[in-house]
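A short worksheet on the structure shown next.
Residue numbers (the working numbering): 59 to 194.
Right, here's the structure in full:
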């Protein structure tokens with residue numbers, strides 16, 4: 059486990075060092091080497107923290123939504139690509155075109171996306187409870 063924390067620190071530090079020394083900037087948009095090292099280190103840090111929290115501290119009560127998605131990740135991928143337009147048009151037809159603008163135009167995409175994500179998750183929950191898993 060300590061190796062993952064070392065990898066996290068090394069990735070973040072080397073990415074930032076490349077940026078601060080002027081060798082290569084940290085720019086996500088064009089995936090510079092500094093960004094790759096920095097984001098890889100951040101991913102290792104998240105992995106180490108979640109491993110510690112879930113496996114070492116046995117804090118699993120909050121992981122059920124992720125288990126539902128992870129147990130049927132192929133179905134989640136397919137649902138996201140096949141049903142997004144269906145849910146978006148269904149919301150607009152049945153709730154009206156301005157329903158998700160209740161908190162303003164700026165939050166409209168967030169609320170609409172959250173509603174669509176909830177619909178995806180409910181489909182995956184239905185599949186999970188009936189033990190319907192897509193496998194290759």
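Where is the CB? At the ideal position from N, CA and C, for every residue including glycine. Here the structure is a predicted model, which is why all the values come from computation and not from measurement.
Annotation for residue 142: 174 place their beta carbon closer than 8 Å to its own, counting only its chain and skipping 5 residues before and after. Between residue 98 and residue 66, the alpha-carbon positions lie close to 7 Å from each other.
At a Cβ-Cβ threshold of 7 Å, residue 100 and residue 76 do not count as neighbours.
Below 8 Å, too few C-beta pairs join the stretch 159-173 and the stretch 118-137 to call them touching: fewer than three.
In the three-state scheme derived from DSSP, where H, G and I count as helix and E and B as strand, residue 98 is classed as helix.
Sequence-distant partners of residue 117 (beyond 5 residues in either direction) whose C-beta falls short of 7 Å from its own C-beta, in its chain, are 111.
Burial is judged here by how many other beta carbons sit within 10 angstroms of a residue's own beta carbon; residue 69 has at least 16 and is buried.
Rounded to the nearest whole angstrom, the CA to CA distance from residue 182 to residue 193 is 14 Å.
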